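Heads up: the sequence shown begins at 19 in my numbering, then just goes up one per residue.
Backbone N, C-alpha and C define an ideal beta-carbon position, used for all residues, glycine too.
Bear in mind the structure is a predicted one, so any value in this text is a computation, not a measurement.
First the structure, in the form of C-alpha cells, and then the observations on it.
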Amino acid sequence: LIHGHFRRFCSIITELDEWAQIYLVELLTNYSRVFLPKPRIFNKATNESEFINLPDNYNEIPYPVYDVEFDSDLKLFLDSIKYLTYSRNEAVVLAVGRAFFHLSPPKTFKESQISASLVRILQTSIPETQVFILQSILYMAAHEPTLFVQYEKRFFLFPNDEILSAQYKLKILSIICNENNIKSITTELQYYALNSSDPRIAVESVKALGVCSQISQFWSAKTLKWLLSQITTLGQDRSVTAEFLTVIRY
C-alpha cells in the first residue's frame, strides 16, 4: 500500500499539518527499516573498500572514522524530514529524531543537528512532555553517549524540576560523563546529593556518582574519599545514608 507512493509522500511531507507529519514520519520510518537497504559504513582508515551495513546498535560500529553511503530512497526520506527539526511541535521533532536514530549512523545524526533540536525542545516543553523527551534522549545516549556529550549543562537540574524529569536528567548525566566533563558533572551531583530537598533526587544523584566513578581508578578513589568525608554530615533521611553506604561498598 505504501511502496508505490513512497517518493510522493517524501515530496509532500513538509506541506502537511504537524499531526499528519508525525504519523507519516513514523509510518515511513517503520517502512524504511523493513524494506529499504541499510546504509553502508566504509572504513575511512584503510584504502580498501572495507564496509559493513549499519548495525542495529551504534556501539557495534567498529570503525572510529568512516564514510556513509545511503540508498537513494532512504536518503530522499531523511533529506525530506531534516528541516522538520525546526518545528514548534515537540512530537514532530521527536519523530524525526527517532527516524534518524534508527536509519542513520551517529555521524549523520550529529551532522543533521538532531541533538541540538531535542535539547532545544527540552528547554521549552511543559513538564509532562519533558519526560517523554528525556526518555528518548536517555535511550539514544545509552547507545551512543557522544550524541549529547556537548550539552551536559542542559541536563543540570532546576529547583522546579518534576521528580521524573530530575531522575532522567541524572541518568543522562551519568551516561554522557567522560574524562573531559566528569569534574563539572560530579560537582553538580555532589551538590544535589547534599542539598536536594527531595530525598529521591539525592538518592539518584549518589547512584549517578557511583556510575561516573567507574571512568577511572583516579575518579573512583576521589569519589570514595568524598563519600567517606560526607557520610557523618548527612541528615536524618535513611534512604540517602543507605545509598551512600551502598556506593561506598561498591
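The criterion of a C-beta distance shorter than 9 angstroms is not satisfied by Y210 and I200. Counting C-beta atoms within 10 angstroms of its own C-beta, Y268 has fewer than 16 neighbours from the protein chains shown and is therefore classed as exposed. Contact between L165 and L152 fails: their C-beta atoms lie close to 14 angstroms from each other, not under 8 angstroms. In this structure, DSSP gives N213 a helical state, which the three-state scheme calls helix. Assignment of V221 by DSSP, reduced to helix, strand and coil, places it in the helix class. Sequence-distant partners of S122 (beyond 5 residues in either direction) whose C-beta falls short of 7 angstroms from its own C-beta, in its chain, are P57, L96.
With a threshold of 16 other beta carbon atoms within 10 Å, K187 meets it and is buried. In this structure, C230 is the residue among S183, T205, C230, Q148 with its C-alpha nearest to the C-alpha of C195. Non-local beta-carbon contacts of N75 in its own chain, meaning distances under 7 angstroms to residues more than five positions away in sequence, involve H161 in chain order. For V52, the enclosing alpha helix (DSSP H) starts and ends at 36-53. For V43, the closest of V111, D179, I155 by C-alpha to C-alpha distance is V111.
In the DSSP assignment, no residue is bridged to R267. Remark: C-beta atoms of T47 and A117 approach each other more closely than 9 angstroms. DSSP places V86 inside the beta strand (DSSP E), whose first and last residues are 84-87. In this structure, DSSP gives R138 a helical state, which the three-state scheme calls helix. D85 places its beta carbon 9 angstroms or farther from that of P55. Fully contained in the stretch 137-188 are the following alpha helix (DSSP H) runs of length 4 or more, in chain order: 145-161. Under the 10 Å beta carbon count, G228 is surrounded by 16 or more other beta carbons and is classified as buried. In this structure, the alpha-carbon of T241 lies about 53 angstroms from that of E33. In this structure, the alpha-carbon of S29 lies about 7 angstroms from that of S98. According to DSSP, residue pairing for R58 in a beta bridge involves N71, E87.
Each residue's CA atom was taken as its position, placing P217 and P163 some 27 angstroms apart.
Inter-residue distance for K100 and F119 is about 12 angstroms (C-alpha atoms, whole angstroms).
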